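Asker:
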Amino acid sequence: MNQKYLLTLLLLTLSHFTYAQFAKIIDKDGYVNVRKQATITSDIVSKINTEEIVYAFPDEKLRDWVIVDYTDRQNENITGYVHQSRIKLIESYEKIPIKSFNDSIAKFISKDVSVEIKSEKFDYKKNKRYFSSTKYEDYIVDDKFKGQQVWGTDGTVPASHYTSITATIKGRIIQIPKKEIENLFNVNNEFAGCYYDNLNDTLYITTLNGDGAGGYVVLFKIEKGIYKARVVTMPF
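Per our numbering, the sequence shown starts with residue 1, numbered consecutively.
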């Protein structure tokens, strides 16, 4: 089945939540409470620090509450409800216009910011030795590449991968480290987006990649000209 068709189906599934997307925690107390249910009296299941990036699922039925998904530094997954006043949607920042895109390159350009995302077909034969497998009950899956979790394949052979992601912010050139992109496969430049927080001099690069059940979303954060973080999660 066509990869873009599968991604379209995934996006239609996510539309039930209005529009699932990355968000930043904003709270003057330095953290936000994550609750078991969408009410101020519900049990607190965890806390997330201010400035941390979560994946948010707005839902009109929840009114002032948003479902968030977050993986902490101990690699523990946290899912619960956060009041919408405590998050800032990444897509609410200045959007960097896309100049062009195709299967191998996407370019975004504004007055002070430009981003170039490059990808190419993945040579599995050449890179096969870098994969390692996990054996489950009745099958084996190549789920690690150079020691890192594989994203985007759902156990299949990768079709494409990133070769570089470069940002220029007010004259400063920042390259996303190779190790941060080498385990991200089945690239879809069509779904890439770049957002700039001018007040805090922070650039966010986001995209939806993968093939159907292997779909994933990724965010790269560049703050004050320095690469800071990568967030990867499954959007469902």
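All C-beta atoms in this analysis are idealised placements derived from N, C-alpha and C, irrespective of residue type, glycine included.
Values in this document were obtained by computation on a predicted structure and should not be read as measured data.
What are the boundary residues of the beta strand (DSSP E) that includes Asn49?
Answerer: Here residue 49 refers to the residue found at position 49 of the sequence shown. Start and end: Ile44 to Asn49.
Asker: Taking 8 Å as the threshold (C-beta atoms), are Ile173 and Ile205 in contact?
Answerer: Taking the sequence shown and counting its residues from 1, the one referred to as residue 205 is at position 205. Taking the sequence shown and counting its residues from 1, the one referred to as residue 173 is at position 173. Not a contact, by the Cβ cut-off of 8 Å.
Asker: Which class does Ala56 belong to by DSSP, given the choice of helix, strand or coil?
Answerer: The residue you call residue 56 lines up with position 56 of the sequence shown. Of the three classes helix, strand and coil, the one that applies to Ala56 here is strand, per DSSP.
Asker: Under 8 Å, do Asp211 and Asn186 count as touching if we go by C-beta distance?
Answerer: The residue labelled residue 211 in the question sits at position 211 within the sequence shown. The residue labelled residue 186 in the question sits at position 186 within the sequence shown. Contact flag set, yes.
Asker: Contact between the segment 134-150 and the segment 70-82: three or more CB pairs below 8 Å?
Answerer: The segment 134-150 is not in contact with the segment 70-82.
Asker: Any beta carbon of chain B sitting closer than 8 Å to that of His161?
Answerer: Absent here is chain B; the protein component of the structure consists of one chain.
Asker: Output the distance between the C-alpha atoms of Tyr5 and Phe101, rounded to the nearest integer angstrom.
Answerer: Within the sequence shown, residue 5 is the residue found at index 5, counting from 1. Within the sequence shown, residue 101 is the residue found at index 101, counting from 1. Model confidence at Tyr5 stands at a pLDDT of 43, short of 50, so the residue's coordinates are unreliable and nothing is read from them.
Asker: State the CB to CB distance for the pair Glu91 and Tyr195, rounded to an integer number of angstroms; the pair is presumed to be in contact (CB under 8 Å).
Answerer: The residue given as residue 91 occupies position 91 in the sequence shown. The residue given as residue 195 occupies position 195 in the sequence shown. Rounded, the Cβ-Cβ distance is 6 Å, consistent with contact.
Asker: Could you give the residue range of the beta strand (DSSP E) that holds Asn209?
Answerer: Sequence index remark: in the sequence shown, residue 209 carries index 209 (1-based). Looking at the DSSP string, the run of the beta strand (DSSP E) that includes Asn209 is Thr202 to Asn209.
Asker: Whole angstroms are fine: how far does the CA of Lys170 sit from the CA of Val113?
Answerer: Start at 1 with the first residue of the sequence shown, and residue 113 comes out as number 113. Start at 1 with the first residue of the sequence shown, and residue 170 comes out as number 170. Their Cα atoms are separated by approximately 6 Å.
Asker: Select from Ile48, Lys47 and Gln37 the residue whose C-alpha is nearest the C-alpha of Arg63.
Answerer: Here residue 63 refers to the residue found at position 63 when the sequence shown is read from its first residue. The residue with the shortest Cα to Cα distance from Arg63 is Gln37.
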